[in-house]
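Protein chains in written order, with this note's numbering: chain A, 1 to 232; chain B, 233 to 464.
The beta carbon of each residue, even a glycine, is placed where N, CA and C say it ideally should be.
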DNA sequence: CGTTGAATTGATTACTTTCAATGACCGTGG
DNA sequence: CCACGGTCATTGAAAGTAATCAATTCAACG
C-alpha cells in the first residue's frame, strides 16, 4: 500500500457522489478531518475480519471484495465494491471489522478516520444522511443476494451477476473484469468448476466474450432472460 | 386486524428494548407521536410490497415474516420477526415497502406513523441511534443469511436456523413454532419436501421433538455440530 | 523455456428437486 | 357426532443440478 498522502476533497472527481456531496466548499475546507489518499495493488489486504475498526474507505478506482472466511477455509464474498462505493463503515457501530477487505485490482482509495467521521456525522446532518443512505443501500443489496441465492439456480445467478456488473460501467462496451473464477464462485455460492463450465457455455452461445481481465456482453437481452429464469 | 387503540408506551413491557428505550418518562410523554396498539391474527397481511410506506411496526407478541415474492410466484422469506423487533422502517428512506409483511401467529403490534417517527428521530438523537442500530442489525443478519445460503448445505442451514430460533426464547424449553414447512422452505431456499425429510430425519435422530406449533430441541449440541458442518 | 497458479474438461458421486401418491389434521355442515 | 373437504405434511421414486475428484491445458512471468 502506498504511503498515504493528504487528499484534496474539494477537487475530487468523485466529490459529487461521495458522502461529502451535500457540503459546500467552505464546509469541505473545515471538515475537521484528514482524508488520506491511498494507492493499492491487486490482492492487497486493506483490513481483516476482527481487526480493530479504525478507518472507512471510499473506493475511487479499482475493485474491492468484502469476504467472510469460514472456519473450514471456505470463503463467501459479501460485497463487491466499485468506484464511488463506501465501505468499512460498519466500524462506526462496532469495534471490529466483520469482513476481510481485499483489493482485486490496482486501485485508489480515500481513507477516513472513523472517530473523526463519527464526529463529523454528528455535526453535519448531510453527512449523516449520506452514510445512512449507504447503509440502506447495503441492506437492499444484501437482501437481493439472499433472493438470488435462495431462489435461483446457478445459471440464472451468474447471468444476474454479469448484468449487474455491467451496470456499474454504463458507458463501456468492454468491461474491466478482474474477478477470478474462484471469486465468481465465492460470490455465487458455487464451485469453481461449475462457474467455469457456465462461463464456457455462455461464451459458446455467443452471449459474451472474454479477454485478459476484460469482458464484453454480447447479448444482454438473452442474459436477462436467463437471469429471470425459474427457480431452483 | 383489530381497531387500533392508542398505546401506552410509558408502561409498555417492551419499553426497555424498544427504540424509545433511551427516553425518560417526560420525553416519552411528549413524544409528539401517536403509537397505535394493534392485534393481528395468523396469516394477516400488514402491508404488501409496493404499498406506500406509512407505518413502521414494533412486534410485541407473535411472529411476522417479511417476504419477497418473485414474478413466478416463488417466495423468499427475508426476515422472521419476533417480540421486540422493529420492521417496516425502510419506509423512512423509501416511498414504498419492499416486502410483504405477513403475520404467522396471533400477535400484538405497535404501529408508528413514519412521518412522525422521522421527525422524532431528527429531534431525539437517542431514537435516531436506536433506529440506526436496528438497521445495522438487519444488515448483519442479512449478511449471515448470504453466508448460510452461499456456503452451507441444506441440513446445516436447517440446523443453524432452528438454533437461532431457539435463541429468541432463551428461557423456554418448549418453543412456539408457528412456521409451516413451506415457510421453512422459503426461508432456507429449499423445497418443502426436502425440509420435511430433514425434519423427519432430525426427529428420528432424537435431536428434536415437535407438536402442534411447538418445538423442543433435545440436542442443541449435536445440532450445533450439524450446523457447523462443511460446505456444499 | 520451465514453472506456477488459474482455468478447463471429463467422469463420477452426492445432493436436491420434482412428480406423484398417501396420510394426518382440522373445521364445517349435515 | 361423524363424514366430508381442504390444507398441510410425509414418503417414495425418478430426474436434474451441482460438487468432487482427477487430469490436462493455458497463460503469465521470470
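{"Query": "Within-7 Å CB hit, residue 459(B) to chain A", "Result": "no"}
{"Query": "Supposed close pair residue 249(B), residue 282(B) - CB separation, criterion 8 Å", "Result": "That belief does not hold up - the Cβ atoms of residue 249(B) and residue 282(B) are roughly 30 Å apart, past 8 Å."}
{"Query": "The segment 373-392 of chain B: positions lying closer than 7 Å to chain A by Cβ", "Result": "374, 375, 377, 378, 379, 381, 382, 383"}
{"Query": "Presumed contact (8 Å Cβ cut-off) between residue 336(B) and residue 274(B), rounded CB distance", "Result": "6 Å"}
{"Query": "First and last residue of the uninterrupted beta strand (DSSP E) at residue 211(A)", "Result": "208-211"}
{"Query": "Identified DSSP bridge partners for residue 194(A)", "Result": "Partner(s): none; residue 194(A) has no beta bridge."}
{"Query": "Alpha-carbon spacing of residue 12(A) relative to residue 125(A), whole angstroms", "Result": "21 Å"}
{"Query": "Cβ pair residue 86(A), residue 78(A) closer than 7 Å", "Result": "no"}
{"Query": "Residue range of the alpha helix (DSSP H) that includes residue 183(A)", "Result": "181-188"}
{"Query": "Span of the alpha helix (DSSP H), counted from its first residue to its last, around residue 272(B)", "Result": "Unbroken run through residue 272(B) is the beta strand (DSSP E), 267-272; no alpha helix (DSSP H)."}
{"Query": "Within-7 Å CB hit, residue 93(A) to chain B", "Result": "yes"}
{"Query": "Coarse secondary structure for residue 287(B), derived from DSSP in three states", "Result": "strand"}
{"Query": "Near-chain A residues of the segment 288-303 of chain B - C-beta to any C-beta below 8 Å", "Result": "300, 302, 303"}
{"Query": "Chain A within 7 Å of residue 421(B), Cβ atoms only", "Result": "yes"}
{"Query": "Terminal residues of the beta strand (DSSP E) in which residue 105(A) lies", "Result": "Taken as a continuous stretch (DSSP letters only), residue 105(A) belongs to no beta strand (DSSP E), as it is neither H nor E."}
{"Query": "Three-way DSSP call (helix, strand, coil) for residue 387(B) in this model", "Result": "helix"}
{"Query": "Identity of the residue in 389(B), 312(B), 404(B) nearest residue 294(B) by Cα", "Result": "312(B)"}
{"Query": "Rounded straight-line distance, which links the Cα of residue 347(B) to that of residue 4(A)", "Result": "43 Å"}
{"Query": "Span of the alpha helix (DSSP H) around residue 117(A)", "Result": "114-123"}
{"Query": "As assigned by DSSP and simplified to three states, the class of residue 328(B)", "Result": "strand"}
{"Query": "Beta-carbon proximity check, residue 343(B) vs residue 270(B), cutoff 7 Å", "Result": "yes"}
{"Query": "Within chain A, the residues that residue 367(B) reaches when beta carbons sit closer than 8 Å", "Result": "132, 135, 136, 139"}
{"Query": "Per-residue DSSP class, three states only, for residue 203(A)", "Result": "helix"}
{"Query": "Under 8 Å (Cβ pairs) to chain B, residues found in the segment 77-88 of chain A", "Result": "78"}
{"Query": "Integer-rounded CB distance, given that residue 324(B) should sit under 8 Å from residue 485(B)", "Result": "Nothing can be reported for residue 485(B): it is not among the residues displayed for chain B, which extend from 233 to 464."}
{"Query": "Any C-beta of chain B under 7 Å from that of residue 74(A)", "Result": "yes"}
{"Query": "Chain A contacts made by the segment 330-360 of chain B, where a contact means CB separation under 9 Å", "Result": "330, 331, 354, 357, 360"}
{"Query": "Check whether residue 340(B) and residue 292(B) have beta carbons under 7 Å apart", "Result": "yes"}
{"Query": "Where the alpha helix (DSSP H) containing residue 260(B) begins and where it ends", "Result": "257-261"}
{"Query": "CB contact check: residue 230(A) to chain B, cutoff 7 Å", "Result": "yes"}
{"Query": "C-alpha gap between residue 24(A) and residue 253(B), whole angstroms", "Result": "36 Å"}
{"Query": "Residue 456(B): first and last residue of the uninterrupted alpha helix (DSSP H) it sits in", "Result": "452-460"}
{"Query": "Reference residue 445(B); option with closest CA among 413(B), 424(B), 437(B)", "Result": "413(B)"}
{"Query": "Alpha-carbon spacing of residue 263(B) relative to residue 208(A), whole angstroms", "Result": "57 Å"}
{"Query": "Test item: CB-CB of residue 48(A) and residue 100(A) under 7 Å", "Result": "yes"}
{"Query": "Assigned secondary structure, residue 5(A) (DSSP; H/G/I helix, E/B strand, else coil)", "Result": "strand"}
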